[in-house]
Amino acid sequence: MASNSMQDIKRRIKSVTSTEHITNAMKLVSAGKLRKAKAIFEKTNENSHYITHTIAEMFNNSQDIPQEYLAGNREIKTTCYIVVTSCRGLCGGFNSNILKEAQREIDEDWEEPIIYAIGTKGKEYFEKRGYKIYGDYLAPPENISFLETREMSLPIIDMYNKGEIDEVVLIYTSFISSMEQEVKNVTLLPFEIEHDPEIIRNEKQVEYEPSIEAVFNYLVPKYVEMMIHSAVVESATCEHAARRMAMESATDNAREMLDQLSLFYNRARQSAITDEIIEIVAGSEAQK
Numbered sequence: 262m263a264s265n266s267m268q269d270i271k272r273r274i275k276s277v278t279s280t281e282h283i284t285n286a287m288k289l290v291s292a293g294k295l296r297k298a299k300a301i302f303e304k305t306n307e308n309s310h311y312i313t314h315t316i317a318e319m320f321n322n323s324q325d326i327p328q329e330y331l332a333g334n335r336e337i338k339t340t341c342y343i344v345v346t347s348c349r350g351l352c353g354g355f356n357s358n359i360l361k362e363a364q365r366e367i368d369e370d371w372e373e374p375i376i377y378a379i380g381t382k383g384k385e386y387f388e389k390r391g392y393k394i395y396g397d398y399l400a401p402p403e404n405i406s407f408l409e410t411r412e413m414s415l416p417i418i419d420m421y422n423k424g425e426i427d428e429v430v431l432i433y434t435s436f437i438s439s440m441e442q443e444v445k446n447v448t449l450l451p452f453e454i455e456h457d458p459e460i461i462r463n464e465k466q467v468e469y470e471p472s473i474e475a476v477f478n479y480l481v482p483k484y485v486e487m488m489i490h491s492a493v494v495e496s497a498t499c500e501h502a503a504r505r506m507a508m509e510s511a512t513d514n515a516r517e518m519l520d521q522l523s524l525f526y527n528r529a530r531q532s533a534i535t536d537e538i539i540e541i542v543a544g545s546e547a548q549k
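Note that the working numbering numbers the sequence shown so that position 158 is 419, with each residue one more than the last.
Structure below.
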């Protein structure tokens with residue numbers, strides 16, 4: 262009986278050891294990818310500030326801003342949700358947190374939503390629940406180019422300009438640190454910019470050619486493209502950070518389990534030796 266127990270424990274130790282090797286390797290791979298993705302994210306984040314700052318500067322220094330892109334210009338009926346998830350699992354609660362937030366937002370809508378899924382996890386989730394997927398991007402998010410982001414953004418902006426949708430909401434994971442990520446919900450269109458007293462109006466005079474309306478109408482699509490691209494890159498960074506944490510936790514749990522199994526194995530082995538000694542002593546006494 263003890264022999265069978267020892268064999269079961271040995272098989273379990275072998276299985277857990279293999280798992281520990283896999284999770285540890287995945288942790289190291291994710292750590293390497295996280296460093297690269299973080300560098301790309303920081304560079305992209307710097308570039309996105311130029312457009313947002315220019316739009317804010319125009320808004321605070323002019324009264325001739327076109328109203329169609331600003332909050333309050335129309336009644337919000339149909340919303341387009343751009344949901345950024347991963348294409349792979351084994352990253353803890355990364356995808357489930359995004360999908361919970363997206364589902365919460367959709368449940369609050371009276372009208373049928375338009376969904377653009379970035380990542381296979383989001384597409385599979387909404388397809389299973391009967392939602393119509395307007396478009397998708399299913400390649401690994403860290404490989405996305407700005408041109409691909411532009412191809413995604415233009416149809417959405419066109420629908421907004423035609424009045425087919427009244428709001429564009431971006432749901433993704435924001436990178437706070439390697440140990441902390443947070444789901445973010447950002448309304449891209451229409452956007453609301455508050456007058457900022459920090460922006461000095463009289464320090465410089467800026468003329469916009471051919472007109473402030475033309476420049477504003479040019480910048481807004483660029484703003485949407487840049488925000489989507491930045492969100493996808495940031496989400497990829499969060500995915501690698503979440504996977505590294507999940508694999509590190511799995512590796513630690515596997516090592517703790519191995520320690521316990523080794524203890525059980527030693528106890529079973531000691532019990533088997535004790536039983537054998539008792540049998541030998543009992544046999545020798547029977548012969549006397």
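Just so you know, even glycine gets a beta-carbon here, dropped at the ideal spot from N, CA and C. These numbers were taken from a predicted model, which means no experiment stands behind them.
- The Cβ atoms of A503 and E403 lie no closer than 7 Å to each other.
- G396 is a Cβ neighbour of Y377, given a cutoff of 7 Å.
- Pairing S347 with K382 gives a Cβ-Cβ distance under 7 Å.
- The beta carbon of T448 lies closer than 6 Å to those of V430 in the same chain, with the five residues before and after it left out.
- The C-alpha of E470 lies about 12 Å from the C-alpha of Y479.
- For D370, same chain residues with a beta-carbon under 7 Å away, outside a window of 5 residues either side, are T340 in chain order.
- Across the structure, E303 and I437 are spaced so that their CA atoms are roughly 12 Å apart.
- Within the stretch 398–457, the complete beta strand (DSSP E) runs of at least 3 residues fall at 428–438, 441–450.
- Across the structure, E412 and I418 are spaced so that their CA atoms are roughly 11 Å apart.
- Non-local beta-carbon contacts of I337 in its own chain, meaning distances under 6 Å to residues more than five positions away in sequence, involve D427, E428 in chain order.
- For T340, the enclosing beta strand (DSSP E) stretches over residues 340–345.
- According to DSSP, L331 shares a beta bridge with F452.
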